[in-house]
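Chains as they are written, first to last, in my numbering: chain A, 876 to 1153; chain B, 34 to 228.
For each residue, glycine too, the CB sits at the ideal point set by N, CA and C.
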Amino acid sequence: MNNYNFAFFDEGSKREIRRATLKAIALPGYQVPFASREMPIARGWGTGGLQLTLSLVGKNDRLKVIDQGSDESVNAVSIKKLVIGTTGIDETDKTGEATLIQSRHRIPEAELREDQILVLQVPIPEPLREIEPSEYATKRLHADKEYSGVWLMLFEQIMAHGSVATGADHPVLVHDRYVMAPSPIPRFDNPKLDHSQALILLGAGREKKIYAVPPYTKVVSLAFEDYPFEVERMAERQCRLCGAAGVYFDELFDEKTNEKYYQCNDVSYCLQTRISLS
Amino acid sequence: MFDHVHDSQKAYRKLVDSLAKPGTINSLKPESEKLDLSVNCNKSMLLLMLMLLDTEVTFQILSENSEKIAKYINQLTYAKTESLEKADFIFVLQDSAAEDFFTAIEGCKLGDLVNPHLSATLIIEVERITNEKQLILKGPGIKETNYAALSFAEDWVHYRAAKNAEYPLGVEIYFIDKEHNLLAIPRTTTISVKR
């Protein structure tokens, strides 16, 4: 692959993404537009996250890519192959060993550190999109801090279902200013955004937006006083492989025995727990 | 020899680190000392120019030699100079007049509430940056409190506070000292002067 530039991109593309990233870090939760290059994977498959990763990566980095908690799913493997193939850096499955972590739909269970950067892939960066289809209008709603639409959306869910029904991507308020889509992470992961030790960068390739949550930044999941924010209930469940509790689980079903059982969604966390037990 | 790919990348990650954790001082010395350019200017300032500038953005340099340096940087990066009111990046070198910074921060562009990212970034060369307890920093990126000290007219804090009064509007300021230390202050940081 040495016919490619280091980290695939030309330096001009990196520079443009870097400038957008710097403004994003200075404006927590605000979506900075960027040019979003054509990538060798399709838009909607993590090109935003990939572009951030490529603009950040250096020779001394160690990369981890996860998709829905797994290091070995197709999306994660393809992205890893592209980055490793054009940089020659090391990859790792262990969260603690990675300097750069690109993820889709999860924040790892192991607590991240100040020297790590988490890159999240975002399909729809605009938390107000469901309420307002026009980008011209949503930009102005953010400018005015006019968020009644998103509150109404949550209120309507409570009226219809008796509780907030956001499966993932539950909107958050960042630094008391911008309502932000945290990417489709489960509500379970929302509290990890608040005062995270690691810098979190979010990239939406198709929608051409970059935004950020710096370390130690206040991130509050939107909720009402009488309907407080709740994460998915994981209590009284245990991983059938490593015995972990209080983490995010996949529910599996055995059709022969009609048995329901649970397994850590974060595969790396599960493996590490099993290694430390044995 | 300076490597435009890898040394720029290393310096960029240091800038990201300093900006995401205001008060964190990173040294750009290992990268910038490799720069061999025939222009009389702090090499870390030049490094940031090479990292940030190209045809898509504009800049301004405040210095006794601003014309000479600007021409040189234009030839290297193809970025064009623009008036203080319109420039995306404003580099204030140490040999500029003391009041130049104040003119720059008062006059530079601020973006608007719809596009607050369209504000200027100021890059200031100072004599010395340390973590002594002169300035108390609070805000995103800071666990409790961080400290920084600059050998720079203390008034800058007030000028900055006036410019950044209406968050999310505001400007970012990066400081570089003679020893190539980097300190970056995003608009979200609140600064108070320790008495």
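Along chain B, in chain order, which residues have C-beta atoms closer than 7 Å to that of residue i?
i	result
A/E891	E89
A/L931	R46
A/A1018	L146 and V147
A/K1014	V147
Please compile the residues from chain A whose C-beta is within a distance smaller than 8 Å of the C-beta of residue i.
i	result
B/Y200	R1052
B/E205	L897, K898 and A901
B/V125	By Cβ distance, chain A contributes nothing, its closest Cβ being about 18 Å from B/V125, past 8 Å.
Residues of chain A with a CB under 7 Å from the CB of residue i: which are they?
i	result
B/A53	I900, L1074, P1089 and P1090
B/Q42	G933
B/K176	Y1091
Could you tell me which residues DSSP puts in a beta bridge with residue i?
i	result
A/C1139	A/F1124
A/C1114	A/Y1137
B/K171	B/T223
A/F884	Bridge partners of A/F884: none, in fact.
A/L993	A/I976 and A/I1075
By the DSSP assignment, the beta strand (DSSP E) with residue i in it spans what residues?
i	result
B/T154	T154 to V159
A/V1095	V1094 to S1096
B/Y192	Per DSSP, B/Y192 belongs to no beta strand (DSSP E); it is in the alpha helix (DSSP H), W189 to K196.
A/S978	L975 to R979
B/T91	T91 to L95
B/D210	E205 to D210
Where do the N-terminal and C-terminal ends of the alpha helix (DSSP H) with residue i fall, by residue?
i	result
B/M84	K76 to L85
A/L1068	N1065 to L1068
A/I855	Beyond the ends of chain A as shown, which are 876 and 1153, falls residue 855 of chain A; an answer cannot be given.
A/M1034	S1023 to H1036
A/L1074	Taken as a continuous stretch (DSSP letters only), A/L1074 belongs to no alpha helix (DSSP H), being part of the beta strand (DSSP E) at L1074 to A1079.
B/E132	A131 to G140
A/Q943	Here A/Q943 belongs to no alpha helix (DSSP H), and DSSP marks it neither H nor E.
B/K43	H39 to A53
Since residue i contacts residue j with CB under 8 Å, what's their CB separation in whole angstroms?
i	j	result
A/I1085	A/V907	5 Å
B/I58	B/L215	7 Å
A/E891	A/P1000	At roughly 17 Å, the Cβ-Cβ gap does not stay under 8 Å, so A/E891 and A/P1000 are not in contact.
B/F124	B/F92	7 Å
B/L240	B/E100	In this structure chain B extends from 34 to 228, so residue 240 of chain B is not present and cannot be described.
A/Q926	A/R979	At roughly 14 Å, the Cβ-Cβ gap does not stay under 8 Å, so A/Q926 and A/R979 are not in contact.
In chain B, what lies closer than 9 Å to residue i by C-beta?
i	result
A/G887	D87, T88 and E89
A/F881	V38, H39 and Q42
A/R1112	Within 9 Å Cβ-Cβ: nothing; A/R1112 doesn't reach chain B, min ~33 Å.
Excluding the five sequence neighbours on either side, which residues of its own chain have a C-beta within less than 6 Å of the C-beta of residue i, listed in chain order?
i	result
B/A182	T163, E165 and Q167
A/Y1136	R1115 and L1127
B/Y180	N164 and K166
B/S60	H213 and N214
B/T223	K171 and G172
Taking 7 Å as the limit between beta carbons, can you name the residues of its chain near residue i, skipping five residues before and five after?
i	result
A/K955	L938, V940 and E966
B/T186	For the sequence presented, residue 186 of chain B should be read as Ala rather than Thr. For B/A186, where only same-chain residues beyond five positions count, the Cβ hits under 7 Å are A131.
A/M1028	E1005 and I1006
B/I102	V72, C74, I94 and S96
B/Y45	M84
Kindly list, in the order they appear in chain B, the residues whose Cβ is closer than 8 Å to that of residue i.
i	result
A/V907	H150
A/P903	P173 and T221
A/K1083	Correct list: empty, because the minimum Cβ distance to chain B is about 13 Å.
A/R1004	Those do not exist, as A/R1004 stays about 17 Å from chain B at its closest Cβ, beyond 8 Å.
Only counting the same chain, and skipping five residues up and downstream in sequence, which positions put a Cβ closer than 8 Å to that of residue i?
i	result
A/L1016	L1003, E1007, Y1022 and G1024
B/G140	L117 and E118
Report the neighbours of residue i on chain A: residues whose CB is nearer than 9 Å to its CB, in chain order.
i	result
B/V190	The premise fails here: B/V190 is roughly 17 Å from chain A at the closest Cβ pair, so nothing lies under 9 Å.
Could you check whether the Cβ of residue i sits closer than 8 Å to any Cβ belonging to chain E?
i	result
B/F122	No chain E is present in this structure, whose protein chains are A and B.
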